[in-house]
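J.: First the structure, which I've put down as structure tokens, then a few questions once you've had a look.
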Amino acid sequence: MTLDVTDLRKTYPTGDEALNGVDLSVGGSETTAMIGPSGAGKSTFIRCVNRLTEPTGGTVEIDGTDLTALDDDGLREARRDIGMIFQEYNLVERLTVMENVLTGRLGYVSAWRAFRRSFPPEDIERAYEILETVGLDDMENKRVDELSGGQRQRVGIARAVVQQPKILLVDEPTSSLDPETSNTVMRLLTEIAAEREVPVLINIHEVDLAVEHADRIVGLHDGEVVFEGSADELGDDTLDRVYRGGDPPESRAPNASEGPADDDAADESVVRNGVVSADGRASERPTSGGS
Amino acid sequence: MSEVDVSTTWRRFDRRRRIGRFVGVLGALVVFLASWRYLDMGITNVETVPREINDLLTRMYPPDVAYTVEIVEPLIETLHIAALGTAGAVVLAVPVALLAAENTTPNAATYWLGKLIVTVSRSVNTIIWALIFVVVFGSGPLAGAVAIAFRSVGFLGKLLGEEIEEIDFGQVEAVRAAGASSVQVLLYGILPQVKPALVGLSVYRWDINVRDSTILGFVGAGGIGVQLFRAVNAFAWQSVAMILIVILGVVLASEGISAYARRLVR
Amino acid sequence: MAAEQRTWRRPTAFGRREFKWAAYVGLVAFFLWSALGVGVDPARIAQGIGRGLTLLGDFFPPEATPRQAQRIVDKMVESVAMAMISTVTGILISVPVAFMAAENLSPKPLYYLNRGFISLSRALNAIIVAILVVKAVGLGPLAGIITITFKTVGFFAKLLAEDLEDIDMGSVDAVRAAGASPVQTLLYGVVPQIIPRFAGLSVYRWDINIRTSTVVGIVGAGGIGSVLLTAFNRYSYQYVSAILVAIIAVVLVAEGVSAVVRRRYQ
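Chains A, B and C, in that order, give the protein sequences. If you count the first sequence from 1, position 107 lands on 107 in UniProt numbering, and the numbers rise without skipping. If you count the second sequence from 1, position 34 lands on 34 in UniProt numbering, and the numbers rise without skipping. If you count the third sequence from 1, position 254 lands on 254 in UniProt numbering, and the numbers rise without skipping.
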């Protein structure tokens, strides 16, 4: 399965140009991390893929089907094949863990069955299995608002995986989590990708997490792809290009990590958990590259 | 000593407010006097009021307990009107709230339609709605129930709409991203978030509606008001007193139930 | 691990599923009983919808002859004047009632007496009160003023009494410890604590009173309501809708003013 994005553009009604023609292909079972400063358009990009945000130009093709050309029904059908994981988990807080996971199967049941919570037995069996995979055994009847951040993100992952998606879109999965939980979540995502043979596209601002877990890294700056390659190819100068728009490494602006416009609510801050230092570079570059 | 301290600091922090308040009170007084003159009611008229009211109360005592038997049926009818009117209002209010909430309304036209429904419903008193529906359905409790429903739609639609505007839209988006239809998005993304408010508001409105249902009888829309009006016109003051006591009991009971139920839902 | 297929059912808040079903069945049965009691039947509803549409047609466009328009204006001013006077008198009477109904400031017998009065005022709908008052003091705006004043006292004294019960007794004691007399204690220890809410509540109640003053006329207690009832009884529906438009307009203006004033005060 492949995702092909061609010349994707997004201009917000305010005039902010979040994406200036992004081309990207993701396929196989590789994990692609998209890095870039706040406001670079990472979130906008991911949201444009499944049209939670309507792109203003370009095409998004999944196995040859152009999502941007679909009508409402077609889009709903296409979205069933795209699992999405959110920064703030976006779980339905007042529902149980199981109900949240089964939300991933809504595209396959009627509204009436959904209302009665009567999902096919194989969906429920699958949901149980996935809950075990993500380490939430016996939690199915807990209400989500009783869970910790790490547990919530696992429910979020389970909800996306139960869709049996052809691709996983992951929007800043770790920025609300502590470093240790972040690592676990990232490992879980790459394992799922390998096991289920689906490509994963992850937005992430923590460069060291990206380097450690991703097979491939895409650097976004000001709505344009400025780097694409393996984690090993990511040097200091490329990081400078991604985070500061190609300034030579000597001229370090104090707050270069802040992007031009804060058009993405999700791209709040690049500096979180002390993972990325103020000049936007990885503070602790691991010597061994990707996994 | 410290008393003076209290007063000076209070004054210093609050001088502008004090002036504002003074102007407010003065304005109220002027309007009060002007209104009094406009209504042209002599002071003598007012003087007799305590005596007349006292007279009325004396005639009400003792309440005619035997009369209770005759008011059981209209009382039940009143409760039916309140229950049915509230139920109808809840059913109608959900779509109205979705229209009147900025984040769920399809477009600007539907938004203003929602606001219009809410405004008209809320601005017209129950008894006026009852007047209208007595013309439509003929006299009887049906007109009353519909009147209660129409009055409550605005109340519920407004408050529920405000709740919907405050929901976390991320949860809605996540459900949508999984490929859910709009009905499913409503069921899984929006409804769970507003459910406590929906139940709480409905029960609260039911409580108000029990009170409102007691007056519908005056315009022929059923309920205990019919009996009360008849007793008043017959100057059967002891029966009137009994009806008032029963109404008081029912209203207090419904208030208690409503408060209890609202605490129960979280 | 997954040899057999597991099943899942949503846990119910009722503890056991049977209780849940019993509760739902009970609720549905009650509403059916209500529908039966109120006399809902499809034919009547269908007929009513037809007649409702005709009536709606008769309402448009709202129209009033110059004489009728003048009458609307006169009676509307009367309504507003009634509301103004009742708000002022109601608040003035509420203050002592509130003090006597505050558990921490009032002796027990007085407390229960005033709480009882407040409950009575809140439980009885304005229309019922108006009917009784009209019988006591005769037709006209005076009856309306007494009615609305009575309702204002119930509302205002309750909230004020709750505020008084919540005041910080520490600062009251501090003022008293400084050697202040009871009146001084009241002025410097109690009043500053409740005054910020006082202004907001007054305006809020004034807004409610405007609404009430437009309907008590239906039972003869002055204001625009009487004009509305007459118009209804004469089947002059365009006049009715003109009056309704006037009422909605006044209610909206009052609500707007009240919202603005409260926002500036809080």
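Ideal Cβ positions, reconstructed from N, Cα and C, are used throughout, including at glycine. Values in this document were obtained by computation on a predicted structure and should not be read as measured data.
According to DSSP, is Asn107 (chain B) part of a helix, a strand, or is it coil?
T.: coil
J.: Classify Asp263 (chain A) as buried or exposed, calling it buried when 16 or more other Cβ atoms lie within 10 Å of its own Cβ.
T.: Residue placement at Asp263 (chain A) is flagged as unreliable, the pLDDT there being 42, under the threshold of 50; a coordinate-derived value is accordingly withheld.
J.: Below 8 Å on the Cβ atoms is my contact criterion, and I expect Val240 (chain C) with Leu142 (chain B) to pass it. Report the Cβ-Cβ distance as a whole number of Å.
T.: Cβ-Cβ separation between Val240 (chain C) and Leu142 (chain B): approximately 21 Å, too far for a contact (criterion under 8 Å).
J.: If I follow the unbroken alpha helix (DSSP H) through Gly200 (chain B), where does it start and stop?
T.: Residues Leu191 to Ser213.
J.: Which of the three DSSP states, helix, strand or coil, is assigned to His80 (chain B)?
T.: Residue state, collapsed to three classes: helix.
J.: Determine, for Met1 (chain C), whether the minimum Cβ-Cβ distance to residues of chain B falls below 8 Å.
T.: Only weak support exists for where Met1 (chain C) lies, its pLDDT of 47 falling under 50; the value from the coordinates is given anyway. It does not: the Cβ of Met1 (chain C) has no partner Cβ on chain B nearer than 8 Å.
J.: Exposed or buried, what is Ala253 (chain B) when buried is set at 16 or more other beta-carbons lying within 10 Å of its beta-carbon?
T.: exposed
J.: Please name the residue, chosen from C:Asn209, C:Ala249, C:Tyr204 and C:Gly48, that lies closest to Lys151 (chain C) on a Cα-to-Cα basis.
T.: C:Asn209
J.: Return no unless some Cβ of chain B is closer than 8 Å to the Cβ of Phe226 (chain C).
T.: Going by the sequence as given, residue 226 (chain C) is Ser instead of Phe. Taking Cβ atoms only, chain B never reaches closer than 8 Å to Ser226 (chain C), which makes this a no.
J.: Of the residues that make up the stretch 92-117 of chain A, which ones have a beta carbon closer than 8 Å to any beta carbon in chain C?
T.: Thr96, Met98, Glu99 and Arg117
J.: Excluding the 5 residues flanking Val96 (chain B) on each side, which residues of the same chain have their C-beta closer than 7 Å to its C-beta?
T.: Gly114, Ile117, Val118, Val153 and Gly157
J.: Answer yes or no: does any C-beta atom of chain C fall closer than 8 Å to that of Glu224 (chain A)?
T.: no
J.: Can you have a look at Gly90 (chain C) and say buried or exposed, based on whether 16 or more other CB atoms are within 10 angstroms of its CB?
T.: buried
J.: Please determine, among A:Glu140, A:Ala18 and A:Arg47, the residue with the shortest C-alpha to C-alpha distance to Gly39 (chain A).
T.: A:Ala18
J.: Using a Cβ-Cβ cut-off of 8 Å, state whether Asn141 (chain A) counts as contacting chain C.
T.: yes
J.: With three or more beta-carbon pairs closer than 8 Å as the criterion, would you say the stretch 204-217 of chain B touches the stretch 118-126 of chain C?
T.: yes
J.: Listing by chain order, which chain C residues have their CB less than 8 Å from the CB of Leu124 (chain A)?
T.: It should be noted that the sequence gives Ile, not Leu, for residue 124 (chain A). Gln5, Arg6, Thr7 and Trp8, listed in chain order.
J.: Would DSSP call Leu169 (chain A) helix, strand or coil?
T.: strand
J.: For Gly256 (chain B), I'd like the list of residues in its chain whose CB is within less than 7 Å of its CB, leaving aside the five on either flank, ordered along the chain.
T.: none
J.: Checking the sheet assignment: what are the DSSP bridge partners for Phe227 (chain A)?
T.: A:Gly219
J.: In terms of residues, what are the limits of the alpha helix (DSSP H) holding Gly39 (chain A)?
T.: Looking at the DSSP string, Gly39 (chain A) is not in any alpha helix (DSSP H), and its letter there is neither H nor E.
J.: Looking only at DSSP bridge pairs, what is Ala33 (chain A) linked to?
T.: Answer is A:Ile202 and A:Ile217, bridged to Ala33 (chain A).
J.: Output, in sequence order along the chain, the residues in the stretch 34-65 of chain A whose CB is closer than 7 Å to any CB in chain B.
T.: So the list reads Asn50 and Leu52, given in the order they occur along the chain.
J.: Any C-beta of chain E sitting closer than 8 Å to the C-beta of Phe19 (chain C)?
T.: Checking the listed chains, one finds no chain E in this structure; the protein chains it contains are A, B and C.
J.: Do Gly107 (chain A) and Arg76 (chain A) have their beta-carbon atoms positioned less than 8 Å apart in this structure?
T.: yes
J.: Can you tell me which of the three DSSP states Arg113 (chain A) falls into?
T.: helix
J.: Under three-state DSSP, which class holds Ile26 (chain A)?
T.: In the sequence on display, residue 26 (chain A) carries Val and not Ile. Here Val26 (chain A) sits in strand by DSSP.
J.: Looking at the C-beta of Pro96 (chain C), does it have a partner C-beta in chain A at a distance below 8 Å?
T.: no
J.: Contact criterion: CB-CB distance below 8 Å. Does Glu30 (chain A) meet it with respect to chain B?
T.: Between Glu30 (chain A) and chain B, the shortest Cβ-Cβ separation is not below 8 Å.
J.: List the residues that DSSP assigns as beta-bridge partners of Ile82 (chain A).
T.: A:Ile167
J.: For Leu95 (chain A), name the three-state secondary structure that DSSP assigns.
T.: coil
J.: Assuming Thr6 (chain A) and Thr59 (chain A) form a contact by the criterion Cβ under 8 Å, report the distance between their Cβ atoms to the nearest whole angstrom.
T.: 5 Å
J.: Exposed or buried, which one is Arg17 (chain B) when buried takes at least 16 other CB atoms within 10 Å?
T.: Its Cβ having fewer than 16 others within 10 Å, Arg17 (chain B) is exposed.
J.: Can you give the Cα-Cα distance for Gly116 (chain C) and Ala109 (chain B), rounded to whole angstroms?
T.: For Gly116 (chain C) and Ala109 (chain B), the distance between alpha carbons rounds to 49 Å.
J.: Counting only beta-carbon atoms, is Pro121 (chain A) nearer than 8 Å to chain C?
T.: yes
J.: Using CA coordinates, which residue listed in A:Asp138, A:Thr174 and A:His221 is at the minimum distance from Ala210 (chain A)?
T.: A:Thr174
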